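Here the structure is laid out as structure tokens; the discussion comes afterwards.
There are 2 protein chains.
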Amino acid sequence: MARVYVSLKKSVADPQGQTIKKALNDIGYEGVAEVRVGKFFDISYDGDLENLERVLKEISEKVLANPVIEEFVIEESA
Amino acid sequence: MARVYVSLKKSVADPQGQTIKKALNDIGYEGVAEVRVGKFFDISYDGDLENLERVLKEISEKVLANPVIEEFVIEESA
């Protein structure tokens, strides 16, 4: 099992996060200064997935993230 | 700063994850057995956010997650 985190690059505006931040401020959580939203993908694989590290990087670059505006972090677990 | 992870409950089908799994299998990553998708929210707050733990739980329950079909995990960091 691996988890891939995908988030917008810091330089890219996150209107969804801004909307959530504003909503939280409006309902009384005024201390919330910023919200940024990301996705994660929990990937289970069977024993045949060779070259795991390379494959996860490929999958992330090609399918899970848009490298133009997003960055990703891969976390392998047992 | 805190991060809230929101994911579908295990018992809830994840069609988006299933679609990604199928796409990965179709382009040659046959070892991928399951994909499940979640969201995370990076929340920055200023010093005025008292009762941090309670507030984060409230925000998660009320705004970030749909408790009927989703579960959440709160991770506080420095």
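For the record, the sequence lines run as chains W and D.
Using our numbering, you'd call the opening residue of the first sequence number 232 and step up by one each time.
Using our numbering, you'd call the opening residue of the second sequence number 232 and step up by one each time.
Heads up, the beta-carbon is just placed ideally off N, CA and C, and yes, glycines get one too.
In this text the structure is predicted, and so the values were computed from the model without any measurement.
Pair within 8 Å by beta-carbon distance, residue i and residue j
i: K253 of chain D; j: G269 of chain W; result: no
i: F301 of chain D; j: V235 of chain D; result: Here residue 301 of chain D is Glu; the residue named in the question, Phe, does not match the sequence. No, they are not a contact pair.
i: D273 of chain W; j: R267 of chain D; result: yes
i: V294 of chain D; j: L255 of chain W; result: yes
Where residue i meets chain D, residues with beta-carbon distance less than 7 Å
i: E307 of chain W; result: In chain order: nothing, as chain D lies at least about 14 Å away.
i: V294 of chain W; result: I251, A254, L255
Whole-angstrom distance between residue j and residue i, CA atom to CA atom
i: D277 of chain W; j: A264 of chain D; result: 6 Å
i: A233 of chain W; j: N282 of chain W; result: 13 Å
i: S242 of chain W; j: E306 of chain W; result: 23 Å
i: K240 of chain D; j: V299 of chain W; result: 31 Å
i: S308 of chain D; j: S308 of chain W; result: 21 Å
i: Q249 of chain D; j: I251 of chain W; result: 27 Å
i: E284 of chain W; j: N297 of chain W; result: 19 Å
i: V355 of chain D; j: S275 of chain D; result: There is simply no residue 355 of chain D to check, as chain D begins at 232 and stops at 309 in what is shown.
i: Q247 of chain D; j: Q247 of chain W; result: 19 Å
Under 8 Å by beta carbon: chain W residues contacting residue i
i: A244 of chain D; result: The premise fails here: A244 of chain D is roughly 14 Å from chain W at the closest Cβ pair, so nothing lies under 8 Å.
Within chain W, the residues that residue i reaches when beta carbons sit closer than 9 Å
i: F272 of chain D; result: G248, I251, V266, R267, V268, G269
Chain D contact residues for residue i, given Cβ-Cβ distances below 8 Å
i: D277 of chain W; result: G262, A264
i: I290 of chain W; result: L255, Y260, V263
i: V286 of chain W; result: Y260, G262
8 Å Cβ cutoff, residue i in contact with chain C
i: K241 of chain D; result: Any reference to chain C falls outside this structure, whose protein chains are W and D.
Subject >> Cβ contact (3+ pairs, closer than 8 Å) linking the stretch 245-262 of chain W and the stretch 287-297 of chain D >> reply: yes
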